[in-house]
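Residue numbers (UniProt numbering): 1 to 206.
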C-alpha cells in the first residue's frame with residue numbers, strides 16, 4: 001500500500017531528477033506542496049517544461065499528471081491504476097502559452113477544426129469533421145485505404161479527443177509514426193506533423 005508520505009517522497013524524487021536533468025535547458029521552477037499536490041510557480045519555466053514534455057511525452061506521462069490551474073501547474077503522481085491522458089497536458093501547454101502571449105496560437109480549443117490529411121504531392125486524401133472517428137488500413141471496414149503492402153488491415157485511428165485531434169495505432173504490424181517517432185498511445189497532432197502509416201506518408205493540415 002502506498003501512503004501519502006511515500007507518494008510525496010516519490011514525487012519529490014521525480015521532480016528533483018527532472019530539475020537536475022533539465023537545468024541546462026533553462027528550467028528554474030519553485031515547487032510548493034499544497035494539500036496533496038505539488039504546484040510549479042514560475043510561469044516562464046512552466047512554458048519551457050511543457051514544451052519539452054510536448055515533444056517527449058512518453059518520458060513522464062506514465063508517472064505524472066499535469067493540470068494548469070489559475071497561474072500554477074498542479075502535478076499529481078499517478079498510481080498503478082491510473083493513466084494520464086495526453087490532451088490534459090497539452091491543454092495546460094495551450095493555457096500557459098495564451099497567458100504569456102508566447103508561441104503559436106494553441107491547438108487546444110473547444111471547437112476543433114476539421115482535420116485534413118495530405119499525401120506527398122500535397123493533395124488532400126481525407127477530411128475528417130469533428131466528432132468522427134476514422135480508421136485507416138487495408139481492411140474492408142476501413143474508412144480510408146491505400147495500395148501499400150506495408151499498411152495493416154487496421155492501421156490507425158484518427159479522432160478528436162477533448163478538442164484535440166489525435167492519431168492512435170490500431171495494433172498494426174508495422175506501427176504508426178509521428179515525426180519519425182513510433183507512438184504507443186493516442187498522440188495529439190499539430191499543423192505540419194508527418195505521419196507514417198505502413199509506408200504511407202501523410203501530413204497534417206487544418
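Beta carbons are placed, not taken as given, at the ideal position from N, Cα and C, and that holds for glycine. These numbers were taken from a predicted model, which means no experiment stands behind them.
With contacts defined by Cβ atoms closer than 8 Å, residue 198 and residue 174 form a contacting pair. Ranked by how close their Cα comes to the Cα of residue 165, the residues 116, 200 and 189 have 189 in first place. By the Cβ neighbour-count rule, residue 206 is exposed, with fewer than 16 other Cβ atoms within 10 Å of its own. Contact annotation: residue 204 and residue 115 have beta-carbon atoms nearer than 8 Å. Each of 139, 187 and 117 was checked against the Cα of residue 151, and the nearest Cα belongs to 139.
Boundaries cannot be given for residue 171, as no beta strand (DSSP E) includes it and DSSP labels it neither H nor E.
Secondary structure of residue 129 (DSSP, three-state): coil. Pairing residue 176 with residue 149, the inter-Cα distance amounts to about 15 Å. Of the residues assessed, residue 132 falls on the exposed side of the cut-off, its CB having fewer than 16 other CB atoms within 10 angstroms. By the beta-carbon neighbour count (other beta carbons within 10 angstroms, threshold 16), residue 169 is buried.
Following the DSSP letters along the chain, one finds residue 160 inside the beta strand (DSSP E) bounded by residues 156-161. The straight-line gap separating the alpha-carbon atoms of residue 194 and residue 128 is approximately 17 Å. Residue 186 counts as buried, since at least 16 other C-beta atoms from the protein chains shown sit within 10 angstroms of its C-beta. Bounds of the beta strand (DSSP E) holding residue 203 are 200-205. Taking 8 Å as the cut-off, the Cβ atoms of residue 126 and residue 154 do not count as close. Taking the Cα positions, residue 192 is about 14 Å away from residue 121. The closest CA to that of residue 143, considering only 161, 117 and 183, is found on 117.
Inclusion of residue 119 and residue 202 in the CB contact set at 8 Å is warranted, their separation being smaller than that value. Pairing residue 145 with residue 156 gives a Cβ-Cβ distance that is not under 8 Å.
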